[in-house]
Structures are given as structure tokens and as C-alpha cells.
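To start, the structure under review is shown below, and the notes come after it.
Numbering (my numbering), first residue to last: 2 to 360.
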């Protein structure tokens, strides 16, 4: 059974190299090798539009580079990733892209492309953007948090305006840095340096995400340009997207399997196991999961990506005494297609069979 955007059909697929030449019944081709996959579903290769391979973060480097990370993607059925080339402050965009190409060239097992994360903004960078877009990079990332990466509202407005001129688009990590910093300061006063991982989710509350989503969407509305909200995790964030769309704003939304399938109770696991689940934004509650599943079912979420950012157990234990020293991120490259097929397709179909109307 061949699965495509048009649905599921019983068909043959004729390929040459990496190209699909034809899809249809009883295809004939002289000297073609025939592979019988009867009784199975044949999917097109998946795309993971949000990965972080060979990324320097929190004084360490992700466990997966482009070699092991893309092998994991291929094993799970993903044949193309879009990673984030990151501009350090003071760097040219060309240099940032060159650094990331060197990380990937000769190592990646699957196709790859890049978004470009912007941390620095001035007239020179604005002019460089045109060359970058002409070179094939059309999507960019902005952060509303993280020292060294955060950009202020005026800068966001100016970047969105420039991207509109160039027909590019920005994906934005939405969390309010001021709220996060204030919560961490409060925690420092009450607990000093001995901050447990169970304290972590309260320092990045769902309202901090929702505030940033609301603000970003209002700035985008002023520019009259679409944006992508990446790794949306909360009910409140979903509500802000809904309000913006009701006003006519064009918004694309991404979420990740971890936000659909895992919840904040993981941070209370004994023995510091909760550090394995430290991601940003953090895992949320059951109500948030229910809202995300509903939004996905109703077509309000356009993309499910991994935000693959893997660390070893040893790296996660940097935060044994203070969660703030734990590198944030978790893997998902190999598991995403299987998880989403099981929980997003088969389980819902099974519930429908059992209840007559689905879950």
C-alpha cells in the first residue's frame, strides 16, 4: 500500500536512482529489479525540519553529529533533515553557513538543508540576507530567550520586514526571557545553588511561552507577514495562535513528539532521572497534551519535528547539584515516525473502532 498526500492506494512504484518515475497499477519496466513489499505500507521519506547536530551548548557539544544523527534518522525512515546553522555574534552569515557545511559534508547519511539562526543584526547582516536567500536559504530562526541569541522586539520587527522583502520566513523560539530570569532569581534566593530538577518546569512556565507567542504574532501582524512558531508546547500558546488566526494572521505551527507523549511528571523521577527530560520549553501537563492532540487533529499544527538535540547521561549529569548546569535537549531522530504512526494513527483508529467515534 502506497501512502502519499493523496491518500493510500494499492500500487506499484517505479524508481530510478533517487527519483520516483511513476506510481500506478501493474507498471512495467524492462530489466527493472522487482522488490515485493506486499502487506506493508510504503511511505515517502520523511523530513525532520528541526534538528541540532554537532551543536555547542552549555559548555559541551551534542552527542550526535551529522554522522550518527543522520544514521538514526535514516533508521527511522527520515531521508532529509533541516538543521540550524547558527550565527555567533559578530560573524558574517556566509561564515556561519560555511562552518555548518563543514560539520555536515562527507558525514551525513541522508539529505540535509539548513535554516539559519540569527543572533546579530545590523545593516551589513541585512544586506547579507539577500545573498543568503539567493543561495537557497529561505528560513531563519530567532530566539526570544538565551543569552547570546535573544533578539529584542525592534530587531524582530526589522528582521521580519527584511524577510518579507526577500520572501523568506522566520521560525521563532517563543519564551519570555524576563520571566525565566526572574523565576531563576527567585529560586536562587530560596534554594541557593542546590536547585533540583523538579524545580525546573516552574522556571519556564507555559505563560512565558504564551506571552512570547502573543508578542511575536502581534509584531508579525504589524509587518503583515507569516511566521512559524517552533516546538509549541502549551495550551496557552495554542490559544494565542488561535486568537491570531481569528484576526486573519497567517501562522504556521510546529510541535514535537515529546510534547505530545511525555508530561512534566518526568521531572519528579527519582535519582535525578528527570534531568534526561530537560528540554526547553519543558514538558507540560496532561491538559497541554490534550490541546496539542486536538490542534493536530484539526489541522492547526502543520509540522511535527524532533528538535533532536541529544546528550549522553554523563553530559546530563553536569547538573547533578544544580539543574541550571544541565544541557537542555533530548533525542528523537529514529523514533519520531514510529511514535507518530503508533500514537497518532493506529491508536486513534483503534479507539474509533472501539467507541464508534474515535478518542
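Glycine residues also receive a C-beta, built at the ideal position from the N, C-alpha and C atoms. Owing to the predicted nature of the structure, the values given are computational and were not obtained by experimental measurement.
Compute the Euclidean distance between the alpha carbons of residue i and residue j, then round it to the nearest angstrom.
i	j	result
residue 201	residue 17	51 Å
residue 357	residue 344	At residue 357, the pLDDT of 46 sits below 50, so the modelled position is not reliable; the number obtained from the coordinates is stated separately. Distance between the alpha carbons of residue 357 and residue 344: 18 Å.
residue 162	residue 220	10 Å
residue 126	residue 228	20 Å
residue 46	residue 54	20 Å
residue 128	residue 2	49 Å
residue 315	residue 38	42 Å
residue 217	residue 23	43 Å
Could you name the residues of the same chain whose beta carbon sits closer than 6 Å to that of residue i, not counting the 5 residues immediately before and after it, in chain order?
i	result
residue 340	258
residue 120	88, 90, 150
residue 185	204
residue 105	67, 113
residue 13	28
residue 335	73, 76, 77
residue 243	none
residue 281	329
Below 6 Å, is the gap between the Cβ of residue i and the nearest heavy atom of the ligand MN?
i	result
residue 285	This structure simply doesn't include the ligand MN, nor any ligand for that matter.
Would you mind giving the Cβ-Cβ distance between residue i and residue j, rounded to the nearest angstrom? I have them listed as a contact below 8 Å.
i	j	result
residue 313	residue 319	Rounded, the Cβ-Cβ distance is 10 Å, inconsistent with contact.
residue 264	residue 286	6 Å
residue 130	residue 167	6 Å
residue 207	residue 236	7 Å
residue 146	residue 181	6 Å
residue 115	residue 83	7 Å
What residues in its chain sit with their C-beta under 7 Å from that of residue i, if we drop five residues either side in the sequence?
i	result
residue 246	252
residue 231	51, 172, 173, 174, 255
Spatial neighbours of residue i within its chain, please: CB distance less than 8 Å, with the 5 preceding and 5 following residues excluded, ordered by chain position.
i	result
residue 275	198, 199, 201, 267, 268, 269
residue 324	196, 197, 198, 200, 201, 276, 279
residue 165	224, 225, 226
residue 59	319, 326, 327, 328, 329
residue 158	220, 223, 224
residue 140	83, 116, 117, 169, 170, 171, 172, 229
Check each candidate in the options and name the one with the smallest Cα separation from residue i.
i	options	result
residue 329	43, 47, 62, 261	62
residue 41	50, 4, 141	4
residue 346	298, 332, 310	298
residue 291	240, 309, 281, 316	240
residue 35	24, 15, 26	15
residue 19	81, 8, 248	81
residue 306	234, 123, 56	234
residue 209	194, 190, 176	176
residue 8	69, 43, 317, 111	43
Segments assigned alpha helix (DSSP H), at least 4 residues, entirely inside the segment 59 to 131: Note on the segment 59 to 131: whole alpha helix (DSSP H) runs with a minimum of 4 residues are 67 to 77, 94 to 105, in chain order.
Continuous alpha helix (DSSP H) assignments of at least 4 residues falling wholly in the segment 224 to 297: Counting only runs of 4 or more, we get 236 to 247, 258 to 262.
Whole beta strand (DSSP E) elements within the segment 147 to 225, 3-residue minimum: List check, beta strand (DSSP E) in window: 170 to 174.
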